[in-house]
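Chains as they are written, first to last, in this note's numbering: chain A, 1 to 326; chain B, 1001 to 1326.
Taking it in order: structure first as structure tokens, then the write-up.
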């Protein structure tokens, strides 16, 4: 059975591994990115990890057919070039595919990290056994990936699936991207924390104020804990995040009409404290007449989604017949 | 070269014709639906039109390979059954595909009318030469169709592309579908007219009041004319419609990332009076950093889009190799 290597290139860690044609994990390995050493060193580390994985796979599984890399944008997928990711300092128009191909001696494909992770959950996680799935990654920002009828929906400019920048509140809160009222401005982990800090600075009372003084910073999971403890400010901010996520889910339902919407990323660790209110708002907001509601689920693969997705996409490229299984 | 027949089954008219493999129109024909006569009579009329088109095509183009029907929902596309369309009284679980197949002696496929029209514009109209196009039909309601990477995005429950029910204003105006704040509640032809009537009934002054008294009803094109003449109420309502259409376009841009968004339906007759303000709001609302903006265009095929799309989908079904051209 063919197998492939996947690499998830993050600002802090390189997560990698190999899967077989049924998307089963054969081996996995994580190393530090050491991004501050610059692209040459990082690429060398990626090639070294690939060779180590090949050695580990040994003769049993055979040589991997290809390597898939999930990398942060901006990137040019077709050209295999990393343009200028904010969390990889010094990278500018790096021909990553060509260089890893030379260093590892295998065909290499590139995909943006959000799409790779969505594809991973689709083939081996919370979207498995569906043909239409959408993933929302709730981290510092809100990323997204759309699979429609078994294919990644990349779009004409290859910037499809940017669900974090769906406008859920016209003339609403300013987003980092320059738009107003984006989902990300209310429902990313960093904005959830930031909105509580803003409320405290504006004079509102919150248990989070103590934590903020003690720790010097506030995180989204603090807000979730405070909301659960009955703190009014945290309850309101967390409620807003869940409500706007539900608005986004209704809009995804009507546009893409997936079988499942998957929540991933750091904030999805809230589990039922996220799912229950989002589901409640979603049921209230969506149309009553047609029963075409996607299931709302938490992602299953955690930090493995990116490299598994990248490996699966690589395998689909070199063995296209096999890809149709998914 | 193969050819196929398309039929657009409307509540008032049956629009039909035949296209060749390059989506060029060979013949066309329109007859009254006479929906009040019930399904048997309507199906007979559809079969008669098909036979007439076959005769007209004669030996030159050869016998059509198939018939495609675009019909109003609710319908079961795979089963070929019309479930219960509001504007076809007496239709309930009618096996339309089977019956037209028997009556016309050709393979028949079924598609919902909004998808058929979007596909028509995609293969032969304002979306031609793209691979990713979205259409919004601005009529009594707001319909939609999504083509991603050359395929209709039907979704898991086959209710994808219902862009009229995207929430563009949370807790906003009540929509016919039961949701609040749908695009359709602000930007359908009927709601544009209705909002002006509501403003007049609430005591606001508008030139539309005169027209309403004189004609007993107000239409969207009256509102467009009044807005152009400087009427404050019409200007505000039309401005809202265009602004919410722009919000929808931003959300389509980030999710589907098409090359083009096409406006069709009665209200698209407003032409530049629609396009100019929607474009202006869109430029203001979308992110400034990435240049991935779809072109906003008016549909080109008018009432022919539905049957041309249905014919093209039929042709793609019976000659799948050819379909890859589009």
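Built from N, CA and C at the ideal position, the CB exists for glycine as well.
Since we're looking at a predicted model, the values are computed, not measured.
The closest CA to that of residue 1090 of chain B, considering only B:1021, B:1245, B:1035 and B:1154, is found on B:1035. Pairing residue 1185 of chain B with residue 1172 of chain B gives a Cβ-Cβ distance under 8 Å. When the alpha-carbon of residue 1163 of chain B is set against those of B:1136, B:1077, B:1140 and B:1006, the nearest one is in B:1136.
Counting only residues of its own chain and dropping the five nearest sequence neighbours on each side, residue 1169 of chain B has a CB closer than 6 Å to the CB of 1181. If you draw a 10 Å sphere on the C-beta of residue 1087 of chain B, you find fewer than 16 other C-beta atoms in it, and that means exposed. Of the residues A:191, A:304 and A:242, the one whose Cα lies closest to the Cα of residue 284 of chain A is A:242. Membership of residue 1132 of chain B in any beta strand (DSSP E) is not indicated, and neither H nor E is assigned to it by DSSP.
In the DSSP secondary-structure assignment, residue 180 of chain A is bridged to A:174. Pairing residue 1149 of chain B with residue 214 of chain A, the inter-Cα distance amounts to about 52 Å.
Counting along the chain, residue 276 of chain A sits inside the alpha helix (DSSP H) bounded by residues 272-285.
Here residue 317 of chain A carries a helix assignment [DSSP, helix/strand/coil].
The Cβ of residue 1170 of chain B sits closer than 8 Å to at least one Cβ of chain A.
At least one C-beta of chain B is nearer than 8 Å to the C-beta of residue 259 of chain A. According to the DSSP secondary-structure assignment, residue 1018 of chain B is paired through a beta bridge with B:1005 and B:1027. Secondary structure of residue 63 of chain A (DSSP, three-state): coil. Partner residues in the beta bridge of residue 1138 of chain B, as assigned by DSSP, are B:1142.
The beta carbon of residue 1092 of chain B is closer than 7 Å to those of 1084 in its chain, skipping five residues each way along the sequence. Check the Cα spacing between residue 48 of chain A and each of A:71, A:77, A:99 and A:80: the tightest is with A:99. In chain order, 6, 7, 8, 68, 69, 70, 111 and 116 place their CB closer than 7 Å to the CB of residue 310 of chain A, counting only its own chain and leaving out the 5 sequence neighbours on each side. One thing to note: residue 1003 of chain B has its Cβ within 8 Å of the Cβ of residue 1062 of chain B. For residue 296 of chain A, the secondary structure class from DSSP, reduced to helix, strand or coil, is strand.
Contact annotation: the region 1222-1236 of chain B does not touch the region 1140-1149 of chain B, with fewer than three C-beta pairs closer than 8 Å. Three or more beta-carbon pairs drawn from the region 249-267 of chain A and the region 117-133 of chain A are found closer than 8 Å, and the two stretches are therefore classed as touching. When C-beta atoms of the region 1276-1283 of chain B are compared with those of the region 1228-1244 of chain B, three or more pairs fall below 8 Å, so the two segments count as touching. Residues are counted here when their Cβ sits less than 7 Å from a Cβ of chain A; for the region 1236-1267 of chain B these are 1247, 1250, 1251, 1254, 1255, 1256, 1257, 1258 and 1259, given in chain order.
Counting other Cβ atoms within 10 Å of its Cβ, residue 155 of chain A reaches 16 or more and is therefore classed as buried. Interface residue (Cβ-Cβ distance to chain A less than 8 Å): residue 1128 of chain B is not classified as such.
The criterion of a C-beta distance shorter than 8 Å is not satisfied by residue 1255 of chain B and residue 306 of chain A.
Contact annotation, residue 1252 of chain B with residue 1081 of chain B: C-beta distance approximately 30 Å; criterion of less than 8 Å not satisfied.
Straight-line measurement puts the Cα of residue 1094 of chain B at about 58 Å from the Cα of residue 13 of chain A.
Judged by DSSP in its simplified three-state form, residue 1106 of chain B adopts coil rather than helix or strand.
In this structure, residue 1027 of chain B and residue 1053 of chain B form a Cβ contact; the two beta carbons are roughly 6 Å apart against a cut-off of 8 Å.
Annotation: the continuous beta strand (DSSP E) that includes residue 1260 of chain B extends over 1260-1264. Neighbourhood of residue 140 of chain A in chain B, by CB distance below 7 Å: empty, with the nearest CB roughly 17 Å away.
Listed along the chain, the chain A residues whose CB falls inside 7 Å of the CB of residue 1146 of chain B are 255.
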